[in-house]
Amino acid sequence: MNTFKSISGTFDILPDEYSAGGDTIAPSRTWRHLEAVVHSVMLQFGAEEIRTPILEPTELIARGIGALTDIVTKEMFAFERGSTHYVMRPEVTAPVMRAYLQHNMVQRGGTQRLYYVGPCFRAERPQKGRYRQFHQFGLEVIGAEDARADAEVILSLRNILEALGLKQYTLRLNSLGDEESRPAFKAALVEYLTPLADQLSDISRKRLETNPLRILDTKNEKERVLLEKAPLLSDFIDEASRVHHEQVKGLLSDVGIDFVEDPFLVRGLDYYSRTAFEFESPLLGAQSSIAGGGRYDLLSKEVGSKQAVPAVGFAAGMERILLACAAEEVAQPAAPHVDVFIVALGDPAITWAFWAGERLRQAGLRVTYDLKGRSMKAQMREANRQQARFVAIVGEDELAAGSVQLKNMETGEQHPVRLEDIATSVNA
């Protein structure tokens, strides 16, 4: 019989760190720590968690991301059942906006700060830090045009990175202008690049026809040289967007956030406007991005709203952030330990250990015991493997005396303790 393995581009998260396909997969406690930091920082900003389905209508994602993007044309896990078209969500911004509109969340009043943590799926070629099932967290601030919303989104992401212990990162910032600025810039960019098309890569030549702004993201050095004389988006943006951008920069400076203005930073979708930003780690090579976002006031109309709903947000790749943490050698949470491991000798003691273990858990202790009926020596090895702080040894004599032999695994000290005093002794 064949031995089943996880699908290429996916991975298991285990209690211990392990290697898979050249990548190091962090243990579950590290993922829990990252998620706990996200929840904690989001609560500080008054954000509320939203959970959307893994499955979404294909049309929502096609309209929300753009029908001509690589994600929609090449990288979606899409299928049909009857007349319904489904997709496993490749991102979460469009689903959050769908939920906002579907449930008429504007009636809650005020600005909606909605954050999420969860898996996404893209049928792209697996590579280091990029998988077919990957994990994101993000924040969407819906209903506010104010520059403070943009700055707050960036600040919240910065605070998460800092809380994780990351120090080596760069914030890149740009303004995309309004819905009239971008088409004018796009036309100028196409006019500039068309005579140079034979010097572009196959991918960029295709993007020149479908999504020319994506060419600005190129990592190809030859193409980057060509772009040095290309039109700049900053020369096309409207005055209101320029003022908004200055406000965002001022707010970031007020709270001590450094940034680099990058005129080549774009979000390659038509519904983005004004603020665009990206956090990068210089330790991750060419694929340096760990998180990014921007303002997307026009997305709501793309997914069915009659009028534009102002919104700004970010999405962060959890795998990318964990890679950055590893590259910086950021301290990770220690393996969990057991407070008391009960070493039970003989059937009566085994039965007693089950009852006593639960009584100690009710007192707030982390308690476990052997489930294989092994020797005392084997049980002590298991207590060491679980990093137990104390071992409670119980056999016939201890049962008769109504006590256990409590051993401190750090000092080696051992003495008899009555059951009702174990919690007190462990916590002393």
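Taking the numbering used here, the leading residue of the sequence shown gets 1, the next gets one more, and so forth.
Glycine included, each C-beta is placed from N, C-alpha and C at the ideal position.
Query: Close beta carbons around Phe-277, own chain, < 7 Å, minus the five adjacent residues each side; Result: Ile-154, Leu-171, Arg-172, Leu-173, Gly-292, Gly-293 and Gly-294
Query: Sequence-distant residues of the same chain with beta carbon closer than 6 Å to Phe-264, five excluded per side; Result: Leu-216
Query: Alpha-carbon spacing of Arg-125 relative to Thr-58, whole angstroms; Result: 21 Å
Query: Cβ of His-245 within 8 Å of any chain D Cβ; Result: Judged by its chain identifiers, the structure shown contains no chain D, having just a single protein chain.
Query: Cβ-Cβ separation, Pro-212 to Leu-196 (assumed contact under 8 Å), whole Å; Result: With 8 Å as the limit, Leu-196 and Pro-212 do not qualify as a contact, their Cβ atoms being about 12 Å apart.
Query: The stretch 328 to 345 touching the stretch 12 to 32, judged by at least three CB pairs closer than 8 Å; Result: yes
Query: Spatial neighbours of Ala-353 in its chain, beta-carbon cut-off 8 Å, leaving aside the 5 residues before and after; Result: Ile-342, Ala-344, Tyr-369 and Val-394
Query: Separation of Val-255 from Ala-147, as counted between CA atoms; Result: 14 Å
Query: Close beta carbons around Leu-251, own chain, < 7 Å, minus the five adjacent residues each side; Result: Ala-147, Arg-148 and Ala-151
Query: Where Tyr-192 sits in the DSSP three-state scheme; Result: helix
Query: Segment contact flag, the stretch 83 to 103 with the stretch 111 to 119, C-beta cutoff 8 Å, min 3 pairs; Result: yes
Query: Buried versus exposed call for Glu-410 [16 or more other C-beta atoms within 10 Å across all chains shown]; Result: exposed
Query: Any non-hydrogen atom of the ligand HEM within 7 Å of Leu-200 CB; Result: What this structure holds is no ligand at all, so the ligand HEM is not there to describe.
Query: Simplified DSSP state of Ala-291, which is helix, strand or coil; Result: strand
Query: Residue environment, Ile-7, which counts as buried when at least 16 other CB atoms sit within 10 Å; Result: exposed
Query: C-alpha distance - Ile-54 paired with Tyr-131, whole-angstrom precision; Result: 16 Å
Query: Spatially closest choice to Phe-259 from Arg-267, Lys-249 and Val-266, by CA coordinates; Result: Lys-249
Query: Among Leu-226, Arg-224, Thr-275 and Phe-236, nearest to Glu-180 - alpha-carbon criterion; Result: Phe-236
Query: Ranges of the beta strand (DSSP E) found wholly within the stretch 319 to 391, counting only runs of at least 3; Result: 340 to 344 and 367 to 369
Query: Spatially closest choice to Val-312 from Arg-274, Ser-253, Leu-283 and Ser-281, by CA coordinates; Result: Arg-274
Query: Where the alpha helix (DSSP H) containing Thr-30 begins and where it ends; Result: 28 to 44
Query: DSSP beta-bridge partners of His-85; Result: Glu-80
Query: Rounded C-alpha distance that separates Leu-101 from Glu-56; Result: 15 Å
Query: Touching by the beta-carbon criterion (3+ pairs, under 8 Å), the stretch 370 to 389 and the stretch 320 to 331; Result: no
Query: Cβ pair count under 8 Å reaching 3, the stretch 411 to 428 against the stretch 357 to 366; Result: yes
Query: Sequence-distant residues of its chain with Cβ nearer than 6 Å to Ser-175 (five each side left out); Result: Ile-237, Ser-241, His-245 and Arg-274
Query: DSSP-derived helix/strand/coil call for Ile-215; Result: helix
Query: Leu-227 to Glu-209 span [Cα, whole Å]; Result: 17 Å
Query: Contact under 8 Å by Cβ, Arg-63 with Val-303; Result: yes
Query: Which of helix, strand or coil DSSP assigns to Phe-121; Result: strand
Query: Identity of the residues DSSP links to Pro-183 by a beta bridge; Result: According to DSSP, Pro-183 bridges with nothing at all.
Query: Distance CB(Leu-365)-CB(Val-391) smaller than 8 Å; Result: no
Query: Cα-Cα separation between Glu-204 and Glu-191, rounded to whole angstroms; Result: Per the sequence presented here, residue 204 reads as Ser, with Glu not at that position. Taking the straight line from one Cα to the other gives about 14 Å.
Query: N- and C-terminal bounds of the beta strand (DSSP E) containing Asn-408; Result: 403 to 408
Query: Endpoints, the alpha helix (DSSP H) within which Pro-95 is located; Result: 93 to 102
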